[in-house]
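Written below as structure tokens is the structure these notes are about.
In the UniProt record's numbering, the protein residues as written are 1 to 297.
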């Protein structure tokens, strides 16, 4: 009988010195544990590669999907590529390390309750999560600027050759949807991405304008259409468990020191996704934490 666990973490942000110090504490509970790393490892390619290589040496299998920070072009990185080319390079580096990416077949995790496929998904966002009364991207961005809430992606993600990141998003969603539709519906899935697949987790953001950089309406029904055991995501820096339409959603961010120093790590640095250690039912959705912090850009 398999004895491993499927664990998850996101938003390690190892470019921050205090966060680099947490890497040593990311340890498996046994030799068969798998680890999902759901994006925002770092901004520099070499830091992403070094971190994932370190984790791949500890866990039986590591699965990675990018966040927005991996897609940034910065003057601190020797790799000067637009975001789609950066992503392809990171996929190559991950494959060399034996790390599973969104471009690879979904591996099957064997647990005490039966097998489950783990699908790293890379979906991006398309500005469709707008506040009420805002009708298009231009109006949404203008409102965000007026409110002083603009994601750094607007300055550091170059989507070339795509006209805009929303165009890349539509292509990513279509390709991922095709792969999910081809998957054996009898084998449950854990969907693991950086951006939440459903908009409802963003309802607790202190700055509602930020939701436009958090996902797309195009993925809103995936947890209902497909045989999904759990959804793993990050980006919001608000770690919690919620349930939507009977499916468990796990936000697994570490976040920045100013965030985790305040809230601590009451459930540990790594979240156990399977076997699910919690009660069989939770409020739908669960009550948000009182100290919910808006996401960092």
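All C-beta atoms, glycine included, are put in the ideal place defined by N, C-alpha and C. All of these numbers come straight from a predicted model, not from anything done at the bench.
- Here residue 155 is exposed: its Cβ has fewer than 16 other Cβ atoms, across all protein chains shown, within 10 Å.
- Of the residues assessed, residue 138 falls on the exposed side of the cut-off, its CB having fewer than 16 other CB atoms within 10 angstroms.
- Counting the other CB atoms within 10 Å of its CB gives residue 24 a total below 16, which places it among the exposed residues.
- Just so you know, the alpha carbons of residue 61 and residue 147 end up roughly 43 Å apart.
- Three or more beta-carbon pairs separated by less than 8 Å link the region 175–190 to the region 115–125, which places the two stretches in contact.
- Relative to the Cα of residue 34, the nearest Cα in the group 45, 12 and 98 belongs to 98.
- Boundaries around residue 94 are those of the alpha helix (DSSP H), 83–97, since no beta strand (DSSP E) includes it.
- Residue environment for residue 247: buried (at least 16 other C-beta atoms within 10 angstroms of its C-beta).
- Collapsing the DSSP output to three states places residue 269 in coil.
- DSSP, reduced to helix, strand and coil, places residue 201 within a helical segment of the structure shown.
- The way I'd put it, the region 210–226 doesn't touch the region 88–98; fewer than three beta-carbon pairs between them come closer than 8 Å.
- Comparing alpha-carbon positions, the option among 180, 272 and 73 lying closest to residue 7 turns out to be 272.
- The shortest CA-to-CA distance from residue 44 to any of 28, 13, 59 and 227 is the one to 13.
- DSSP places residue 110 within a strand segment (E or B) once states are collapsed to three.
- Residue 45 carries a helical assignment under DSSP once its states are collapsed to helix, strand and coil.
- At the C-beta level, residue 143 and residue 134 come within 8 Å of one another.
- Between residue 224 and residue 245, the beta carbon gap of about 5 Å places them in contact (Cβ cut-off 8 Å).
- About 6 Å separates the Cβ atoms of residue 202 and residue 129, confirming a contact at the 8 Å cut-off.
- Taken in chain order, the complete beta strand (DSSP E) segments of 3 or more residues contained in the region 142–182 number zero; there are none.
- Nearest to residue 161 by alpha-carbon distance, out of 84, 185 and 91, is 84.
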